[in-house]
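Basically this note's numbering = 1-based index in the sequence shown + 45.
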Amino acid sequence: MMRVAWRSTVAGLLVAGGVLAGAWPAAGQALSIERIFGSAEFRPRFVFDFEWMPDGRRYSFLEAGRGGAADLWAADVRTGERTRLVEGAALVPAGETRPIEIEGYAWSPDGSKLLIYTRSVRVWRQNTKGYYYVYDLASGRLAPLSTAPGYQQFAKFSPDGRRVGFVRDNDLYVVDLATGAERRLTQDGSDVIINGTFDWVYEEELDLRDGWRWSPDGRRIAFWRLDQSGVKVFPLVNELGVYPEIQPVRYPKAGEANSRVRVGVIELETGKTTWVDLGPDPDIYIARMDWADSPDELVLQRLNRRQDRLEVLLADAATGRSRVVLVDTDSAWVDVDDDLRWVAGGRQFLWSSERDGYNHLYLYSREGRLVRQLTRDPWDVGGVEGVDEAGGWVYFTGWGEGPRERHLYRVRLSGGPVERLSREPGVHSMDFSAEHGAYLATWSRSGQPPVVQLFRADGSPIRALEDNAELAGRLRQAGVRPAEFFTLRTSDGVELHGWMIKPPDFDPGRRYPVLMWVYGGPGSQTVTDAWGGNQFLWYQMLAQKGYIVASVDNRGTGGRGRAFKKVTYLNLGKWESHDQIEAARHLASLPYVDPGRIGIWGWSYGGYMAALTMMRGGELFRAGIAVAPVTDWRLYDTIYTERYMRTPQENPDGYRESAPVRNVAGLRGDLLLVHGTGDDNVHFQNTVQLVNALEAAGKQFGLMIYPNRTHSIAGGNTQVHLFTLLTNWLDERLAGAGSKAR
């Protein structure tokens, strides 16, 4: 899974015009791989880098300007009146001839300055390394944050706006903006000692990148320090040159050593570092850390290696002494989130937990005493979006309308009934500003790309920000239609949710081939009433070629409570593949499905699922595609794998039974394996070992490798090539010979 490090809201906008018409597209308008993956024809118009401004009355965003450079604009929340704040083409540093590119920005607390992030070259894997400039809006002066060599990361204004801190080469620095004086705060940063940012597994599986925090009074900086010297190196090999280049990645595989973590507090006046007492067990994760609504205390979330015990600690910034104020446990695992929010002047905090069978919100005192449970309905809270203390509201997302839709709700801090705010059906997400009394909502439905609108905090609309009627027309002309939702019941009585896309000229008297799309990993969902982007358009193209495309959320997926999600604990793949096989049997029983032409495909966890399901489903599947699959959980990382499986040493049977490399004897259909050799997430090693097992078992298969491509298998013409390959593979095995991708 690839993630963007700099915070940015990129929202596709389309007029909310209802369900798109379902009909054959006009001549020359049919969907094709080139139109979907090789052009921007179906790309919605965007709002780039939306930010609420410090004055509370406006928001800012980027828009293409002269010469294609990005200009920074502001708009009034109430009236929509626009003002250009910065012309991108004029952002030329002293001594240079070309403007810098605004790839991210942050406001100073008083709104007088901007911290602009630019990336002069693309850094391997992550987009967090680049260069920062400080721009003064009044004078128009643009100055580099630092003139010393080396990339900078995670630069942030101090609370008073007079200094900026950042990370360079795994050390922390601070710059005085008045004098330009730069000061190094940590001294031991290296390839193995990481200050203020994270190693591979923390970034990927705990969603942590920025590893340091200003104290509210600006007198201190708290930071993570990781020592990854004990983590084994996994070499990625780029063979596109005359001699291969090796990119070493410290990657802890299941059961192996992790980085050792510390949390330090730097006193800026003296430079002294105080280390927080994290307890006697060194083999832990510090999954979250921040200031506890106080310049004198930190709040930390300590997660044990098995990830079934999450503790909230308060630590004294001056002494490092810590105490546990809250413990959350589970017989399976405890999820880490960002729902901890301080209220009542730091005297209370919000917390979410699945302890009663659903993820609910709770209010605790600072000492860890339960004040009250805020939500109780039999559905999951998704996450806290904002808190309006003056009005007494907590705003959050959830699945109150069922697992296919996600909406915005609010509940009073004093308790009471939950109120739904979002009205349009579908899946909603938002950028909330409770103190500004407004939020930016992005919502979509199946067959309808995202719509972005501004709302008041009570859910009443202010206005839509964009109208993509032209794109809506192109989608109608291309015959794009929403999926049809359905449910099925397994042989052991569990209801599963699914969707299918039928050919536009569907005839119930005919029999059609079926392609099943699966992801199926813990807490995930594919069956949602939401826009699916280019992949959804590819399914529409396959339907126009005569396929039925379907997807079913198996046990282990999210939006349906703790029991449904955590039944897979210690046995990844068992219930998931069972349910996908049951779904395939259900589809095969339909009178308009050809039971001899069923295929399945997936990517990443979905690639794992496609391979394992084919091996356990036998003759049920004629063809399958596994892209970047995990083929043995011993080959994947510690945090993700052990959360669901514990270690290989603790659960050898679970690891053995769940591995496609141990199940190849059951393969009957044609399997295509696809992988990028530069995949730092699910290593190409997974496919190599499955190839070895298939060859040893005398099983024929297809294989496509993409040299030096990452987990996303993208760049240049790669996606066109990939989806042409996938389409032709399916056509030759499910649709009959002769039909080729366009």
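Quick reminder that beta carbons are idealized off the backbone N, C-alpha and C, glycines included.
Note that the coordinates shown come from a computational prediction; the quantities given were computed from them, not determined experimentally.
Exposed unless 16 or more other CB atoms sit within 10 angstroms - verdict on residue i
i: A299; result: buried
i: G275; result: exposed
i: W257; result: buried
i: Q694; result: exposed
i: P89; result: buried
i: W774; result: buried
i: W97; result: buried
i: T769; result: buried
i: G447; result: exposed
i: Q273; result: buried
i: R417; result: exposed
i: W646; result: buried
i: E664; result: exposed
i: S649; result: buried
i: L253; result: buried
i: L767; result: buried
i: D116; result: buried
i: L355; result: buried
i: L771; result: buried
i: E430; result: buried
i: T442; result: buried
i: N737; result: exposed
i: G461; result: exposed
i: P567; result: buried
i: S184; result: exposed
i: T124; result: exposed
i: K174; result: buried
i: T532; result: exposed
Supposed contact pair residue j and residue i - C-beta distance, whole angstroms, cut 8 Å
i: T732; j: T676; result: 7 Å
i: T613; j: G601; result: 4 Å
i: Y288; j: W245; result: At roughly 25 Å, the Cβ-Cβ gap does not stay under 8 Å, so Y288 and W245 are not in contact.
i: R270; j: G309; result: 6 Å
i: P495; j: W576; result: 6 Å
i: M660; j: V709; result: 6 Å
i: L680; j: H728; result: 6 Å
i: L712; j: K744; result: 5 Å
i: A193; j: E141; result: The pair is not a contact, with the Cβ atoms about 17 Å apart (cut-off 8 Å).
i: G652; j: V672; result: 5 Å
i: R386; j: S410; result: Contact doesn't hold; Cβ gap of about 14 Å is too wide.
i: V472; j: E434; result: That pair is no contact at about 28 Å.
i: R307; j: I329; result: In fact, because the Cβ distance is near 11 Å, the residues do not count as touching under 8 Å.
Alpha helix (DSSP H) segment containing residue i, residue limits
i: A115; result: Premise fails: A115 lies in the beta strand (DSSP E), 115-121, not in any alpha helix (DSSP H).
i: D624; result: 619-633
i: S703; result: 697-703
i: R411; result: Note, R411: premise wrong, no alpha helix (DSSP H); not H, not E.
i: L775; result: 763-775
i: T732; result: 730-741
i: A188; result: No alpha helix (DSSP H) contains A188, which is instead part of the beta strand (DSSP E) from 187-189.
i: A151; result: Careful: A151 lies outside any alpha helix (DSSP H), inside the beta strand (DSSP E) at 149-152.
i: A656; result: 650-662
For residue i, the first and last residue of its enclosing beta strand (DSSP E)
i: F609; result: It is not in any beta strand (DSSP E) - F609 instead sits in the alpha helix (DSSP H) that spans 607-611.
i: Q198; result: 198-202
i: D338; result: D338 -> no beta strand (DSSP E), and no H or E assigned at all.
i: I507; result: 506-509
i: F551; result: Careful: F551 lies outside any beta strand (DSSP E) and carries neither H nor E.
i: F441; result: 438-443
i: G309; result: 305-312
i: Y3; result: Past the boundaries of the shown model lies residue 3; the chain is included only from 46 to 787, so the question cannot be answered.
i: Q292; result: 290-295
(Q) Closer than 8 Å is the cut-off here; do at least three beta carbon pairs connect the segment 631-644 with the segment 718-738? (A) The segment 631-644 vs the segment 718-738: no contact.
(Q) Within 8 Å, do at least three Cβ pairs link the segment 478-491 to the segment 534-543? (A) At 8 Å Cβ cutoff, the stretches do not touch.
Q) Taking the runs of the beta strand (DSSP E) that are 3 residues or longer, which of them lie wholly in the segment 74-105? A) Correct list: 90-97.
Q) Between the segment 550-569 and the segment 494-514, are three or more C-beta pairs nearer than 8 Å? A) The segment 550-569, when compared against the segment 494-514, does not touch it at the 8 Å Cβ threshold.
**Q.** Segment contact flag, the segment 144-162 with the segment 180-188, C-beta cutoff 8 Å, min 3 pairs
**A.** Counting Cβ pairs under 8 Å, three or more are found: they touch.
Q.
If contact is defined by three or more beta carbon pairs under 8 Å, each pair taking one atom from either stretch, is the segment 278-292 in contact with the segment 311-322?
A. No: fewer than three Cβ pairs fall under 8 Å.
(Q) Under 8 Å: do the segment 753-761 and the segment 72-88 share three or more Cβ pairs, one atom per stretch? (A) Contact between the segment 753-761 and the segment 72-88 is absent: fewer than three C-beta pairs spanning the two stretches fall below 8 Å.
Q. What are the start and end residues of each continuous beta strand (DSSP E) run of 3 or more residues lying completely inside the segment 365-403, in chain order?
A. Fully enclosed beta strand (DSSP E) runs of 3 or longer: 367-374, 386-388, 393-398.
Q: Mind the definition here: the segment 368-381 touches the segment 342-358 only if three or more C-beta pairs lie below 8 Å; say whether that holds.
A: The segment 368-381 vs the segment 342-358: in contact.
(Q) So within the segment 479-529, which uninterrupted beta strand (DSSP E) runs reach at least 3 residues, ignoring any that extend past its ends? (A) As far as the segment 479-529 is concerned, its whole beta strand (DSSP E) runs of at least 3 residues are 483-490, 493-501, 506-509.
**Q.** Touching by the beta-carbon criterion (3+ pairs, under 8 Å), the segment 193-212 and the segment 148-158
**A.** Of all C-beta pairs linking the segment 193-212 to the segment 148-158, three or more are shorter than 8 Å, placing the two stretches in contact.
Q | Stretch pair the segment 488-505 + the segment 464-478: three plus CB contacts closer than 8 Å | A | The answer is yes - the segment 464-478 touches the segment 488-505, with three or more Cβ pairs under 8 Å.
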